[in-house]
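Engineer: Letter 221 of the sequence shown, counting from 1, is numbered 220 in numbering that gives the first Met the number 0, and no numbers are missing.
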Amino acid sequence: MKVRTVCLALGLALALAGFASTSPAHSGVAPGTRPNVVLISTDDMARTDLLWMPQTLALLEENGVNFIKFISPHSLCCPARAEIITGQYAQNNGVRSNGGPYGGLPALRDPDNTLARWLHDAGYHTGFSGKYLNQYHPSDVGVPQGWDFWDAFANNASGYYGFSMYDNGALVKYPVDGIYSTDLIADDTERMIRDYSGTDPFFIWSSYYAPHGLCQGFHTDCAAPPTPALRHADLFPDAHNPSANRPSFNELDVSDKPPFIRKRGFLDPVKLRILFRQRVRALQAVDEAVTRTVAVLRETGELDNTLILFTSDNGYLLGEHRYQGKDIAYDESMRVPLLVRGPGVPHGEDRVVGATTVDLAPTIVAATGVTAGRVLDGRNLLPYIKDDSLTHAPAQLIQGGPKANDPDPKPWRYRGVRTPRYTFVQWTSGFVELYDRLRDPFELVNVAAKRDYVDVVAALGLKTKRLGACAGVDCRR
Numbered sequence: 000m001k002v003r004t005v006c007l008a009l010g011l012a013l014a015l016a017g018f019a020s021t022s023p024a025h026s027g028v029a030p031g032t033r034p035n036v037v038l039i040s041t042d043d044m045a046r047t048d049l050l051w052m053p054q055t056l057a058l059l060e061e062n063g064v065n066f067i068k069f070i071s072p073h074s075l076c077c078p079a080r081a082e083i084i085t086g087q088y089a090q091n092n093g094v095r096s097n098g099g100p101y102g103g104l105p106a107l108r109d110p111d112n113t114l115a116r117w118l119h120d121a122g123y124h125t126g127f128s129g130k131y132l133n134q135y136h137p138s139d140v141g142v143p144q145g146w147d148f149w150d151a152f153a154n155n156a157s158g159y160y161g162f163s164m165y166d167n168g169a170l171v172k173y174p175v176d177g178i179y180s181t182d183l184i185a186d187d188t189e190r191m192i193r194d195y196s197g198t199d200p201f202f203i204w205s206s207y208y209a210p211h212g213l214c215q216g217f218h219t220d221c222a223a224p225p226t227p228a229l230r231h232a233d234l235f236p237d238a239h240n241p242s243a244n245r246p247s248f249n250e251l252d253v254s255d256k257p258p259f260i261r262k263r264g265f266l267d268p269v270k271l272r273i274l275f276r277q278r279v280r281a282l283q284a285v286d287e288a289v290t291r292t293v294a295v296l297r298e299t300g301e302l303d304n305t306l307i308l309f310t311s312d313n314g315y316l317l318g319e320h321r322y323q324g325k326d327i328a329y330d331e332s333m334r335v336p337l338l339v340r341g342p343g344v345p346h347g348e349d350r351v352v353g354a355t356t357v358d359l360a361p362t363i364v365a366a367t368g369v370t371a372g373r374v375l376d377g378r379n380l381l382p383y384i385k386d387d388s389l390t391h392a393p394a395q396l397i398q399g400g401p402k403a404n405d406p407d408p409k410p411w412r413y414r415g416v417r418t419p420r421y422t423f424v425q426w427t428s429g430f431v432e433l434y435d436r437l438r439d440p441f442e443l444v445n446v447a448a449k450r451d452y453v454d455v456v457a458a459l460g461l462k463t464k465r466l467g468a469c470a471g472v473d474c475r476r
């Protein structure tokens with residue numbers, strides 16, 4: 000995303016006046032100045048989809064920082080959401096898939112020990128609306144501990160029209176001709192801000208379902224197009240799927256890709272174009288919701304003391320490498336937006352440092368000065384937010400667990416690492432992928448078997464083994 004023209008002096012002044020310390024252990028938050036936090040997340044939104052959200056860009060990117068290399072290292076709904084609320088990788092929080100023995104909310108270790116609980120115990124009002132972890136069943140867990148306000152999609156009934164929510168202890172079924180789910184989440188967000196403003200600080204997670212596809216059954220790929228709000232149903236009739244412009248789209252030679260990719264035929268460009276249009280149409284209501292959230296924060300006098308983070312649980316492929324979907328170690332599946340606006344945050348600047356979903360909880364912990372109840376694997380991003388000269392980051396663990404409907408699930412499908420130059424993946428089948436993104440940004444040529452990369456494969460294999468067993472500070476080395 001191109002950096003907007005801003006007043007650098009103002010940005011530096013804000014940074015110096017804001018969070019005083021860059022240490023993950025010491026936030027420097029003075030008593031009485033703790034910021035509010037509003038986390039806004041989408042579902043299956045690729046980073047490039049931001050181009051279709053002009054108000055979000057204007058309000059958050061132009062008035063904040065854009066992490067242009069931010070990734071979801073476990074690029075699937077439930078594992079990513081578990082990373083958000085724990086600050087831990089899946090080997091430590093337990094969630095490796097959307098369902099099955101290794102996935103869903105039942106797999107989360109110590110499920111009441113989450114970011115919300117830490118903030119609540121430190122005096123924050125806490126509120127949630129939207130999609131929580133997959134397999135959330137109110138009859139099993141009710142309202143998770145740590146939340147003052149709770150309105151979550153229930154019993155795997157996420158959707159756009161005709162969905163079910165568990166609203167602060169009551170199961171509510173909305174008709175197919177009723178409210179649009181994005182609008183309901185925006186309503187909840189406004190209500191929470193108004194209720195909490197002027198009192199103790201608050202943490203709100205607005206967890207939107209868009210632009211996730213419609214699911215035709217339990218544990219399916221949910222590949223059907225999403226449903227936009229009726230008011231947006233006819234927008235962008237000529238929108239073109241940008242994935243079709245990439246050399247990886249319907250990749251001609253997949254002989255060096257994993258077997259499940261090699262077996263795939265070419266995808267239908269027309270169907271993918273229709274899917275893309277429905278996705279960006281569905282995001283228009285989210286764009287409106289972001290606008291509304293910022294407006295209410297401004298109206299209540301809370302905007303200048305609110306840290307806003309906008310991200311997605313994972314990205315999405317629309318035909319790259321003959322693939323539609325997520326949960327794979329290609330760039331389009333992992334790269335997601337992260338926009339940050341708030342006190343001490345420069346305006347209109349990009350950050351090129353590598354960062355991941357696992358870093359969100361540590362950053363919020365540092366910004367608010369609360370004590371985490373878990374050993375955090377991720378990093379505090381506040382130093383990188385304030386100082387664009389900090390560009391070094393350690394290699395990032397990337398991984399994928401078993402499919403939810405796998406009849407014989409193994410603990411992992413693949414594990415690997417991502418560095419500023421390379422993407423390295425070891426599949427449990429023994430197949431290895433290595434992409435030199437500096438020379439091959441579209442990941443067309445798997446160089447794992449090439450002689451020039453023998454040392455790289457060996458080094459990254461060792462790095463994968465070490466990070467695959469890491470916890471806490473060892474995950475940041």
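In this text, a Cβ means the ideal position worked out from N, Cα and C, and glycines have one as well.
Fair warning: this is a prediction, and the values are worked out from it, not measured in the lab.
Given this structure, state the Cα-to-Cα distance separating T47 from D454, to the nearest angstrom.
Structural biologist: Sequence index remark: in the sequence shown, residue 47 carries index 48 (1-based). Sequence index remark: in the sequence shown, residue 454 carries index 455 (1-based). Spanning the two alpha carbons is a distance of roughly 34 Å.
Engineer: On the CB-based measure, 16 or more other CB atoms within 10 Å of its CB, does K172 come out buried or exposed?
Structural biologist: Counted from its first residue, the sequence shown places residue 172 at position 173. Flag for K172 reads exposed.
Engineer: So for S20, helix, strand or coil by DSSP?
Structural biologist: Your numbering for residue 20 matches position 21 in the sequence shown. At S20 the pLDDT is 33, less than 50, meaning the model places this residue with poor confidence; the figure from the coordinates comes in the next sentence. S20 falls in the coil class under three-state DSSP.
Engineer: Please report the distance separating the alpha-carbon of E319 from that of A392.
Structural biologist: Along the sequence shown, one-based indexing puts residue 319 at 320. Along the sequence shown, one-based indexing puts residue 392 at 393. Distance from the CA of E319 to the CA of A392, rounded to the nearest whole angstrom, comes to 27 Å.
Engineer: To the nearest angstrom, how far is it from the Cα of L433 to the Cα of L56?
Structural biologist: Here residue 433 refers to the residue found at position 434 when the sequence shown is read from its first residue. Here residue 56 refers to the residue found at position 57 when the sequence shown is read from its first residue. Distance between the alpha carbons of L433 and L56 is about 34 Å.
Engineer: Could you compute how far the alpha carbon of Y383 sits from the alpha carbon of T226?
Structural biologist: The sequence position of residue 383 within the sequence shown is 384, counting from 1. The sequence position of residue 226 within the sequence shown is 227, counting from 1. Computed Cα separation, rounded: 37 Å.
Engineer: Is the Cβ-Cβ distance between P224 and L183 less than 8 Å?
Structural biologist: Here the question's residue 224 lines up with position 225 in the sequence shown. Here the question's residue 183 lines up with position 184 in the sequence shown. The answer is no: Cβ separation not under 8 Å.
Engineer: Could you give the first and the last residue of the continuous beta strand (DSSP E) run that contains G129?
Structural biologist: Translated into positions along the sequence shown, residue 129 becomes position 130. Start and end: 124-129.
Engineer: Could you tell me whether the Cβ atoms of R263 and S254 are closer together than 8 Å?
Structural biologist: Within the sequence shown, numbered from 1, the residue matching residue 263 stands at position 264. Within the sequence shown, numbered from 1, the residue matching residue 254 stands at position 255. No. Outside cutoff.
Engineer: Which residues in the same chain as C221 place their Cβ atom closer than 7 Å to its Cβ, once the five residues preceding and following it in sequence are excluded?
Structural biologist: Within the sequence shown, numbered from 1, the residue matching residue 221 stands at position 222. Excluding residues within five positions, the ones whose Cβ falls inside 7 Å are H211, G212, L213, C214.
Engineer: Start and end of the beta strand (DSSP E) containing E515?
Structural biologist: Outside the displayed range of the chain (0 to 476) lies residue 515, so it cannot be described from this structure.
Engineer: Excluding sequence positions up to five away, which residues of its chain have a Cβ less than 7 Å from the Cβ of A470?
Structural biologist: What you label residue 470 is simply residue 471 of the sequence shown in a count that begins at 1. Cβ neighbours of A470 within its own chain (closer than 7 Å, five residues either side excluded): N91, V374, D376.
Engineer: Check whether the Cβ atoms of P408 and Y101 sit closer than 8 Å, and answer yes or no.
Structural biologist: In the sequence shown, counting from the first residue as 1, residue 408 sits at position 409. In the sequence shown, counting from the first residue as 1, residue 101 sits at position 102. Yes.
Engineer: Tell me which same chain residues have a C-beta within less than 6 Å of the C-beta of L38, skipping the five on either side of it?
Structural biologist: Along the sequence shown, one-based indexing puts residue 38 at 39. W204, L308, listed in sequence order.
Engineer: Indicate whether the contact test is met: 3 or more Cβ pairs, each with one atom in the stretch 384-404 and one in the stretch 118-125, closer than 8 Å.
Structural biologist: no
Engineer: Mapping DSSP to helix, strand and coil, what is A29?
Structural biologist: Here residue 29 corresponds to residue number 30 of the sequence shown, with the count starting at 1. Per-residue confidence for A29 stands at a pLDDT of 47, beneath the threshold of 50, marking its modelled position as unreliable; the derived number appears in the next sentence. Reduced to three states, the DSSP call for A29 is coil.
Engineer: Might you give, ordered along the chain, the residues of its own chain that have their beta carbon closer than 8 Å to the beta carbon of E331, omitting 5 neighbours on each side?
Structural biologist: Translated into positions along the sequence shown, residue 331 becomes position 332. The residues are A45, S242, G314, Y315, L316, L317, E319.
Engineer: Closer than 8 Å is the cut-off here; do at least three beta carbon pairs connect the stretch 59-79 with the stretch 328-344?
Structural biologist: yes
Engineer: Short of 6 Å in beta carbon distance, which residues of its chain neighbour V36, apart from the five on each side in sequence? Order them along the chain.
Structural biologist: Here residue 36 is taken as the residue at index 37 of the sequence shown, counted from 1. So the list reads F202, L306, I363, once near-sequence residues are dropped.
Engineer: Would you report the Cα separation of G98 and G161, rounded to the nearest angstrom?
Structural biologist: Your numbering for residue 98 matches position 99 in the sequence shown. Your numbering for residue 161 matches position 162 in the sequence shown. Their Cα atoms are separated by approximately 23 Å.
Engineer: So, under 8 Å CB-CB, Y207 and T41 are touching, yes? Tell me the CB distance rounded to an integer number of Å.
Structural biologist: In the sequence shown, residue 207 corresponds to position 208, counting from 1. In the sequence shown, residue 41 corresponds to position 42, counting from 1. About 5 Å; that satisfies the 8 Å criterion.
Engineer: What is the rounded straight-line gap between the Cα of R417 and the Cα of A403?
Structural biologist: By 1-based counting over the sequence shown, the position of residue 417 is 418. By 1-based counting over the sequence shown, the position of residue 403 is 404. When rounded, the distance between both Cα atoms is 25 Å.
Engineer: Could you check what DSSP says for K325 in three-state terms: helix, strand or coil?
Structural biologist: Here residue 325 is taken as the residue at index 326 of the sequence shown, counted from 1. If DSSP states are grouped into helix, strand and coil, K325 belongs with coil.
Engineer: On a Cα-Cα basis, can you pick out the residue from T299, Q283, L234 that is closest to M191?
Structural biologist: Numbered from its first residue, the sequence shown carries residue 191 at position 192. Selected option, being the one with the closest Cα: T299.
Engineer: Enumerate in chain order the residues of its own chain whose CB-to-CB distance from V289 is below 8 Å, with the five nearest sequence positions on each side excluded.
Structural biologist: On the sequence shown, residue 289 is found 290 positions in, with the first residue counted as 1. If we look at V289 and ignore the five residues flanking it on each side, its Cβ neighbours are I39, M52, Q54, T55, L58, L59, F309.
Engineer: Hey, is the stretch 61-69 in contact with the stretch 227-234, meaning 3+ C-beta pairs nearer than 8 Å?
Structural biologist: no
Engineer: Just tell me which of R378, T355, A354 has its CA closest to the CA of A365.
Structural biologist: Indexing the sequence shown from 1 puts residue 365 at position 366. Closest option to A365, Cα to Cα, is R378.
Engineer: Under a three-way DSSP split, which group does L75 fall into?
Structural biologist: On the sequence shown, residue 75 is found 76 positions in, with the first residue counted as 1. Three-state DSSP puts L75 in coil, outside helix and strand.
Engineer: Do Y179 and A284 have their CB atoms nearer than 8 Å?
Structural biologist: Within the sequence shown, the letter at position 180 stands for residue 179. Within the sequence shown, the letter at position 285 stands for residue 284. Yes.
Engineer: Who pairs with R350 in a beta bridge, going by DSSP?
Structural biologist: As a working mapping, residue 350 is identified with position 351 in the sequence shown. Paired residues: F66.
Engineer: If we count the other Cβ atoms within 10 Å of its Cβ and call it buried at 16 or more, is L170 buried or exposed?
Structural biologist: Here residue 170 refers to the residue found at position 171 of the sequence shown. Result: exposed.
Engineer: Return the chain-ordered list of same chain residues with a C-beta closer than 7 Å to the C-beta of Y329, the five sequence neighbours on each side being excluded.
Structural biologist: Position 330 of the sequence shown, counted from the start, is the residue given in the question as residue 329. Hits under 7 Å: L316, E319, H320, E442.
Engineer: Please report the straight-line C-alpha distance between A371 and R280, rounded to a whole angstrom.
Structural biologist: Locating residue 371 in the sequence shown gives position 372, counting from the first residue. Locating residue 280 in the sequence shown gives position 281, counting from the first residue. Their backbone Cα atoms lie some 38 Å apart in a straight line.
Engineer: Round the Cβ separation of A79 and D312 to the nearest angstrom and send it over; I've been treating them as touching at under 8 Å.
Structural biologist: By 1-based counting over the sequence shown, the position of residue 79 is 80. By 1-based counting over the sequence shown, the position of residue 312 is 313. Rounded, the Cβ-Cβ distance is 4 Å, consistent with contact.
Engineer: Classify V339: buried if its beta carbon has 16 or more other beta carbons within 10 angstroms, exposed otherwise.
Structural biologist: If you number the sequence shown from 1, residue 339 lands on position 340. Looking at its Cβ environment, which holds 16 or more other Cβ atoms inside 10 Å, V339 is buried.
Engineer: For F148, is the classification buried or exposed, using 16 other Cβ atoms within 10 angstroms of its Cβ as the cut-off for buried?
Structural biologist: Numbered from its first residue, the sequence shown carries residue 148 at position 149. That one is buried.
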